[in-house]
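Chemist: Each number in the numbering used here comes from the position in the sequence shown (counting from 1) with 2 added on. Beta carbons are placed, not taken as given, at the ideal position from N, Cα and C, and that holds for glycine. The structure presented is a predicted model; accordingly, all values stated were derived computationally and were not measured.
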Amino acid sequence: MQLLEEWLEEFRGLGYLTGSDIRVLEQQDETDVNRGLIVVDLSEAATITYLQPIAGSDGRWSATMEARDTTIVLTAVEIVNLGNELNVLGALVSFLETKSRELLAAC
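1) What does DSSP give as the partner residue(s) for residue 23 in the beta ladder?
2) Taking Cβ to Cβ, would you say residue 56 is nearer than 9 Å to residue 64?
3) Provide the residue span of the beta strand (DSSP E) that contains residue 16, from first to last.
4) How long is the line joining the alpha carbons of residue 23 and residue 109, rounded to whole angstroms?
5) Given this structure, state the Cα-to-Cα distance separating residue 45 from residue 84, to the nearest angstrom.
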């Protein structure tokens with residue numbers, strides 16, 4: 003989890019602007035006590051997205067968006083803001099994949 007915190011701090015230092023709350027959450031996994039995932043609260047969509055490595059991959063990550071129970075209605079500005087949040091989310095996934103591949107190559 004400490005490594006994910008460091009990566010997230012490094013990503014924040016790149017200066018991406020987002021209204022999303024991004025944090026590391028400890029994942030309950032008895033086989034790997036250091037396992038965590040990154041949680042992103044998309045402010046404009048009022049939904050939570052989980053980022054985690056794809057098991058058995060070459061460092062790829064996936065984003066899982068929770069299902070919504072209600073419909074949301076957005077103005078043009080809110081749609082643009084949501085698009086910006088999703089762009090940052092994509093940049094974060096790419097950043098995490100790069101870091102993961104560097105880590106795997108060093109092992």
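Modeler: Looking at the atomic coordinates:
1) 43
2) yes
3) Note, residue 16: premise wrong, no beta strand (DSSP E); not H, not E.
4) 32 Å
5) Taking the straight line joining both Cα atoms gives about 8 Å.
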